[in-house]
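Please read the structure below before turning to the comments.
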Amino acid sequence: MLAAACGGDGDEDSKASPEAEWSDHVSLDVSTGNLVPGKSTALQVATGNSSRSITRVPLELSFRTVGLALPRESALKVEYRDADDAPWKRLALSVRSGALRGSVPVNVPHGTVRRFWRITPGFEPDGILQTLKVSGSLGGRGQVVHSVWEQPLPAATVLPGREGGESAPL
Numbered sequence: 081m082l083a084a085a086c087g088g089d090g091d092e093d094s095k096a097s098p099e100a101e102w103s104d105h106v107s108l109d110v111s112t113g114n115l116v117p118g119k120s121t122a123l124q125v126a127t128g129n130s131s132r133s134i135t136r137v138p139l140e141l142s143f144r145t146v147g148l149a150l151p152r153e154s155a156l157k158v159e160y161r162d163a164d165d166a167p168w169k170r171l172a173l174s175v176r177s178g179a180l181r182g183s184v185p186v187n188v189p190h191g192t193v194r195r196f197w198r199i200t201p202g203f204e205p206d207g208i209l210q211t212l213k214v215s216g217s218l219g220g221r222g223q224v225v226h227s228v229w230e231q232p233l234p235a236a237t238v239l240p241g242r243e244g245g246e247s248a249p250l
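If you're matching positions, the sequence shown starts at 81 in the working numbering and goes up one per residue.
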């Protein structure tokens, strides 16, 4: 769904520009299940790297709804883990520029790595239908690695206040 170029690993020996040497990408795949208050929905972030390992690169995710800003940090609970048997860790979210944003340092090794995320909405029962959009960036100031991607997710829908709603399996 999403892809962007990034590259390099920040070491002193690397003199070439990231665009000249490396062909790396970050992609984000989101399940199409409805987001229902109190039920989690799977989110998958996959990184592919054809060059040397990149360590401790900040990955920031931004969550925004169509028509309305997410009102508070408790509107979404976002958790992640790097393996099936690893414990879930909560992504700290803050409200900035009308969106919920959270950042976590990640390692981007050679090859493809799938990271497992889940989102649990906490909207009020009388909320209205909203569509969720996710954007994000890998890299940051002072990093050799830097790429930015943004893509609406047309199939991810928030259905506040519905009982017995569908959600994607984890």
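Using N, Cα and C, we set each Cβ at its ideal position, and we do this for glycine too.
Which residues DSSP lists as bridging residue i, in chain order
| i | result |
| --- | --- |
| Glu159 | Arg170, Arg198 |
| Thr135 | Thr135 pairs with nothing; no bridge assigned. |
| Arg176 | Ala179 |
C-beta contact flag for residue i and residue j at 8 Å
| i | j | result |
| --- | --- | --- |
| Leu171 | Val184 | yes |
| Arg144 | Gly178 | yes |
| Gly336 | Lys157 | A query on residue 336 cannot be resolved here, the shown segment of the chain reaching from 81 to 250 and no further. |
| Val193 | Leu141 | no |
Same chain only: Cβ atoms within 6 Å of residue i, ignoring 5 sequence neighbours per side
| i | result |
| --- | --- |
| Asp162 | Arg195 |
| Pro167 | none |
Beta-carbon contacts of residue i that lie in its chain and below 8 Å, excluding the five residues immediately before and after
| i | result |
| --- | --- |
| Glu153 | Leu173, Ser174, Val175, Leu180 |
| Arg164 | Here residue 164 turns out to be Asp, not Arg, going by the sequence shown. Phe196, listed in sequence order. |
Contacts around residue i, its chain only, beta-carbon distance under 7 Å, and the 5 residues preceding and following it disregarded
| i | result |
| --- | --- |
| Val186 | Val137, Leu139 |
| Lys169 | Glu159, Tyr160, Arg161 |
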